[in-house]
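A.B. asks: What follows is a single structure, and I will ask about it in a moment.
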Amino acid sequence: GESVGLHLPTLSVQEGDNSIINCAYSNSASDYFIWYKQESGKGPQFIIDIRSNMDKRQGQRVTVLLNKTVKHLSLQIAATQPGDSAVYFCAESEGNRDDKIIFGKGTRLHILP
Amino acid sequence: DTGVSQDPRHKITKRGQNVTFRCDPISEHNRLYWYRQTLGQGPEFLTYFQNEAQLEKSRLLSDRFSAERPKGSFSTLEIQRTEQGDSAMYLCASSLVGRGGTEAFFGQGTRLTVV
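Written as structure tokens, this is what we have:
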């Protein structure tokens with residue numbers, strides 16, 4: 073079946089540098105994408121979302137890029153801080169049908185001092 | 012409203028016992044999800060509700076699992092005759108669909124350990 077996946081299971085970044093977390097999706101009907109952050113022992117926390125009619129969306133220190141041609145999604149975190157250490161998941165949905173949200177496997181972001 | 016609330020936070024049960032978890036979504040959220048998460052994996056979809064209607068149940072889900080949302084507010088997830096493989100974090104999420112926003116907000120989860 074179709075699913076959302078990630079390229080790298082673990083990403084180590086120096087504190088203060090920018091982080092880029094990648095995600096590949098395979099359901100061409102997906103039109104709504106979400107990034108979540110999950111800290112140990114907690115539920116996933118919404119970071120930012122993007123709809124398929126957009127290529128880029130910015131939030132506070134975060135930017136999501138969507139490339140529909142190659143079915144690729146990325147999350148950029150500027151000036152990475154120790155508090156950014158977590159597992160990051162991308163998720164997808166056929167939002168135009170208000171369909172369920174499906175998650176990928178996640179990338180662990182490790183911040184180096 | 013303080014967000015999605017799940018109870019209990021932790022549950023240890025013996026194999027073969029039944030367990031029931033409760034989820035209280037964010038007020039006025041019409042969509043409610045249940046997910047299961049094991050260590051190192053992303054949340055796995057189990058089932059979801061629109062108001063009181065159960066829209067879909069994962070084909071991977073055993074018949075031992077059942078969920079209800081009788082009044083379109085809180086929901087319960089029951090696992091009958093628990094097995095060790097049921098040990099996981101059970102996550103509930105809610106969202107408001109039909110008004111433009113569809114991101115789901117998660118509770119802290121119920122961690123189930125079957126011994």
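Residue numbers (the working numbering), protein chains in the order written: chain A, 73 to 185; chain B, 12 to 126. Note that CB positions come from ideal geometry on N, CA and C, so glycine has one too. The model shown is predicted, which means the values in this text are computed figures rather than measured ones.
If contacts are defined as beta-carbon pairs under 8 Å, then W107/A and I92/A qualify, I think. What distance do you get, rounded to the angstrom?
C.D. replies: Here residue 107/A refers to the residue found at position 35 when the first sequence is read from its first residue. Here residue 92/A refers to the residue found at position 20 when the first sequence is read from its first residue. Contact doesn't hold; Cβ gap of about 12 Å is too wide.
A.B. asks: When the Cα atoms are used, what is the spatial distance from Y59/B to L137/A?
C.D. replies: In the second sequence, the residue the question calls residue 59/B occupies position 48. In the first sequence, the residue the question calls residue 137/A occupies position 65. Distance between the alpha carbons of Y59/B and L137/A is about 28 Å.
A.B. asks: Given this structure, state the Cα-to-Cα distance separating Q132/A from Q148/A, to the nearest angstrom.
C.D. replies: The residue you call residue 132/A lines up with position 60 of the first sequence. The residue you call residue 148/A lines up with position 76 of the first sequence. Straight-line Cα distance between these residues: approximately 11 Å.
A.B. asks: Return the first residue and the last residue of the beta strand (DSSP E) that T24/B is part of.
C.D. replies: Your numbering for residue 24/B matches position 13 in the second sequence. Its beta strand (DSSP E) spans residues H21 to T24.
A.B. asks: Is it buried or exposed, E164/A, if we count other Cβ atoms within 10 angstroms and call 16 or more buried?
C.D. replies: Position 92 of the first sequence, counted from the first residue, corresponds to residue 164/A. Buried is the call here.
A.B. asks: Do Q61/B and R42/B have their C-beta atoms closer together than 8 Å?
C.D. replies: To locate residue 61/B, count along the second sequence from 1; it is residue 50. To locate residue 42/B, count along the second sequence from 1; it is residue 31. Cβ atoms of Q61/B and R42/B: closer than 8 Å.
A.B. asks: Given a cut-off of 8 Å on the beta-carbon distance, is the pair Q119/B and G115/A in contact?
C.D. replies: For the purposes of this step, residue 119/B is taken as the residue at position 108 of the second sequence. For the purposes of this step, residue 115/A is taken as the residue at position 43 of the first sequence. Taking 8 Å as the Cβ cut-off, Q119/B and G115/A qualify as a contacting pair.
A.B. asks: Return the chain-ordered list of same chain residues with a C-beta closer than 7 Å to the C-beta of A101/A, the five sequence neighbours on each side being excluded.
C.D. replies: Counting from one through the first sequence, the residue named residue 101/A turns up at place 29. Excluding positions up to five away in sequence, the list reads E166.
A.B. asks: Buried or exposed: where does K82/B fall if 16 or more other Cβ atoms within 10 Å of its Cβ makes it buried?
C.D. replies: To locate residue 82/B, count along the second sequence from 1; it is residue 71. So K82/B ends up on the exposed side.
A.B. asks: Compute the Euclidean distance between the alpha carbons of S157/A and L102/B, then round it to the nearest angstrom.
C.D. replies: Sequence index remark: in the first sequence, residue 157/A carries index 85 (1-based). Sequence index remark: in the second sequence, residue 102/B carries index 91 (1-based). Between S157/A and L102/B, the C-alpha separation is close to 21 Å.
A.B. asks: If we cut at 8 Å on Cβ distances, does E63/B have a partner in chain A?
C.D. replies: Position 52 of the second sequence, counting from 1, holds the residue named residue 63/B. No - not a single Cβ of chain A is within 8 Å of the one on E63/B.
A.B. asks: Given a cut-off of 8 Å on the beta-carbon distance, is the pair G53/B and G176/A in contact?
C.D. replies: Here residue 53/B refers to the residue found at position 42 of the second sequence. Here residue 176/A refers to the residue found at position 104 of the first sequence. Yes, Cβ-Cβ distance for G53/B and G176/A is below 8 Å.
A.B. asks: Might you give, ordered along the chain, the residues of its own chain that have their beta carbon closer than 7 Å to the beta carbon of V217/A, omitting 5 neighbours on each side?
C.D. replies: This structure gives no information on residue 217/A, because the portion of chain A shown stretches from 73 to 185.
A.B. asks: How big is the Cα-Cα spacing for Q110/A and Q28/B?
C.D. replies: Position 38 of the first sequence, counted from the start, is the residue given in the question as residue 110/A. Position 17 of the second sequence, counted from the start, is the residue given in the question as residue 28/B. Cα to Cα, Q110/A sits roughly 30 Å from Q28/B.
A.B. asks: Residues in its own chain within less than 8 Å of V30/B by CB, not counting five upstream and five downstream?
C.D. replies: Counting from 1 along the second sequence, the entry for residue 30/B is found at position 19. The answer, listed in chain order, is K22, T24, E89, I90, T93 and L123.
A.B. asks: So with Cβ pairs under 8 Å, would you call F105/A a contact of chain B?
C.D. replies: Position 33 of the first sequence, counting from 1, holds the residue named residue 105/A. So, not an interface residue.
A.B. asks: For E55/B, which residues does DSSP report across the bridge?
C.D. replies: Indexing the second sequence from 1 puts residue 55/B at position 44. According to DSSP, E55/B bridges with R47/B.
A.B. asks: Using CA atoms only, rank isn't needed, just tell me which of T13/B, F116/B and Q48/B is closest to S98/B.
C.D. replies: On the second sequence, position 87 is the one that residue 98/B refers to. The shortest Cα separation from S98/B among T13/B, F116/B and Q48/B belongs to Q48/B.
A.B. asks: Using beta carbons (cut-off 8 Å, strictly below), is E111/A in contact with chain B?
C.D. replies: One-based indexing of the first sequence puts residue 111/A at position 39. Not closer than 8 Å to any Cβ of chain B, the Cβ of E111/A fails to qualify, so no.
A.B. asks: Can you name the residues of chain B whose CB is closer than 8 Å to the CB of S165/A?
C.D. replies: Walking along the first sequence from the start, residue 165/A turns up at place 93. By Cβ distance, chain B contributes T113.
A.B. asks: Kindly indicate which three-state DSSP category D156/A falls into: helix, strand or coil?
C.D. replies: In the first sequence, counting from the first residue as 1, residue 156/A sits at position 84. If DSSP states are grouped into helix, strand and coil, D156/A belongs with the helices.
A.B. asks: Which residue's Cα is closest to the Cα of Y46/B: F76/B, E39/B and R26/B?
C.D. replies: Taking the first residue of the second sequence as position 1, residue 46/B is located at position 35. Residue F76/B is the option with its Cα nearest to Y46/B.
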